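Asker: Reminder that position 103 of the sequence shown reads as 468 in the working numbering, one-by-one numbering, no gaps.
C-beta atoms are modelled at their ideal positions from N, C-alpha and C, and glycine is treated no differently.
A quick note: this is a predicted structure, and the numbers were derived from the prediction, not measured.
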Amino acid sequence: MDNQAESSSPETNKTPKSQSSMTSASVIVAFAVQCNNCYQWRKIATEEQFEDFRCNQTADPFVCNKLPGFTCEKPADISVDSSQVWVMDKPNIPKTPNGFKRITTLRGNYSKVDVQYLTPDGKKIRGTPGMVSYLQEHPEYNHLSLSDFCYEAPKIVRDTVPKHALKNPADRSRRRKKRSKS
Numbered sequence: 366m367d368n369q370a371e372s373s374s375p376e377t378n379k380t381p382k383s384q385s386s387m388t389s390a391s392v393i394v395a396f397a398v399q400c401n402n403c404y405q406w407r408k409i410a411t412e413e414q415f416e417d418f419r420c421n422q423t424a425d426p427f428v429c430n431k432l433p434g435f436t437c438e439k440p441a442d443i444s445v446d447s448s449q450v451w452v453m454d455k456p457n458i459p460k461t462p463n464g465f466k467r468i469t470t471l472r473g474n475y476s477k478v479d480v481q482y483l484t485p486d487g488k489k490i491r492g493t494p495g496m497v498s499y500l501q502e503h504p505e506y507n508h509l510s511l512s513d514f515c516y517e518a519p520k521i522v523r524d525t526v527p528k529h530a531l532k533n534p535a536d537r538s539r540r541r542k543k544r545s546k547s
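Set out below in structure tokens:
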């Protein structure tokens, strides 16, 4: 779950990770965590269970036997490959408050993941300033603070991004600028 170099393989790092696997349509199709002992990936059944493991990663690292019927001897449930785009959250992101939903959206050009929160009344909030305003306007949430929300975007595992998307979009914009100047 620590920030890692985009070109390194998550399976070879010695720090357990939490990831979600996304398709190009930006739909999360699986949540997974990496065992702190055997470094194998385990699929997590629900987003809530995934958040439980993610928010306590440092204090209580995930190990295979936390899942019923699993041990480190059992083969990995999933491996990081390019069949889907993988994104990696940092450790210890707070569990999403009840009634709110943390939404992560992969941009169509695979350049970044955007984070926003959906409030209980259906409003989408894209950043800290918006959440400050929302919490001030809704005293029923005075038990919440900004530290209950994390807008830091998950890192994209570059080795899983389709090759056609790896072309640097900045190169195209530089070429356009050069052409317009000539």
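(1) Please return the same chain residues whose Cβ sits closer than 8 Å to the Cβ of Glu517, not counting the five positions on each side in sequence.
(2) Report all residues from its chain with a CB closer than 8 Å to the CB of Ala441; omit the five preceding and five following residues, and keep chain order.
(3) Are Asn402 and Val428 touching if we call contact CB-CB under 8 Å?
(4) Taking buried to mean at least 16 other C-beta atoms within 10 Å of its own C-beta, is Lys520 buried or exposed?
(5) Using only the alpha-carbon positions, how far apart do Asn474 and Thr525 sit?
(6) Is Cys437 buried or exposed, if buried means 16 or more other CB atoms sit within 10 Å of its CB?
(7) When burial is assigned at 16 or more other CB atoms within 10 Å of the CB, is Leu511 buried or exposed?
(8) Mind checking Arg419: buried by the 16 CB within 10 Å criterion, or exposed?
(9) Taking 8 Å as the cut-off, decide whether the C-beta atoms of Lys460 and Asp417 are in contact.
(10) Let me know the secondary structure DSSP gives Phe396 once reduced to three states.
(11) What did DSSP end up calling Arg472 once you bin it into helix, strand or coil?
(12) Does Leu531 pass the burial test, meaning 16 or more other C-beta atoms within 10 Å, or should it be called exposed?
(13) Whole angstroms are fine: how far does the CA of Leu500 sit from the CA of Tyr506?
(14) Starting from Arg523, trace the beta strand (DSSP E) in both directions and tell me its first and last residue.
Answerer: According to the structure shown:
(1) Indexing the sequence shown from 1 puts residue 517 at position 152. So the list reads Lys455, Ile458, Val480, once near-sequence residues are dropped.
(2) What you label residue 441 is simply residue 76 of the sequence shown in a count that begins at 1. Answer for Ala441: Gln405, Trp406, Arg407, listed in chain order.
(3) If you number the sequence shown from 1, residue 402 lands on position 37. If you number the sequence shown from 1, residue 428 lands on position 63. Cβ distance < 8 Å, so Asn402 and Val428 count as in contact.
(4) Position 155 of the sequence shown, counting from 1, holds the residue named residue 520. So Lys520 counts as buried.
(5) Sequence index remark: in the sequence shown, residue 474 carries index 109 (1-based). Sequence index remark: in the sequence shown, residue 525 carries index 160 (1-based). Cα-Cα distance, rounded: 13 Å.
(6) On the sequence shown, position 72 is the one that residue 437 refers to. An exposed status is given to Cys437, since fewer than 16 other beta-carbon atoms sit within 10 Å of its beta-carbon.
(7) Position 146 of the sequence shown, counting from 1, holds the residue named residue 511. Here Leu511 is exposed. Its C-beta has fewer than 16 other C-beta atoms within 10 Å.
(8) On the sequence shown, residue 419 is found 54 positions in, with the first residue counted as 1. Around the Cβ of Arg419, a 10 Å sphere holds 16 or more other Cβ atoms; the residue is buried.
(9) If you number the sequence shown from 1, residue 460 lands on position 95. If you number the sequence shown from 1, residue 417 lands on position 52. Yes. Within cutoff.
(10) Taking the first residue of the sequence shown as 1, we reach residue 396 at position 31. Phe396 falls in the strand class under three-state DSSP.
(11) Translated into the one-based positions of the sequence shown, residue 472 becomes position 107. The answer is coil: DSSP assigns Arg472 none of H, G, I, E or B.
(12) If you number the sequence shown from 1, residue 531 lands on position 166. The residue is exposed, with fewer than 16 neighbouring Cβ atoms inside 10 Å.
(13) Numbered from 1 along the sequence shown, position 141 holds the residue referred to as residue 506. Numbered from 1 along the sequence shown, position 135 holds the residue referred to as residue 500. Tyr506 and Leu500: Cα-Cα distance of roughly 6 Å.
(14) To locate residue 523, count along the sequence shown from 1; it is residue 158. Per DSSP, Arg523 lies in no beta strand (DSSP E) and is assigned neither H nor E.
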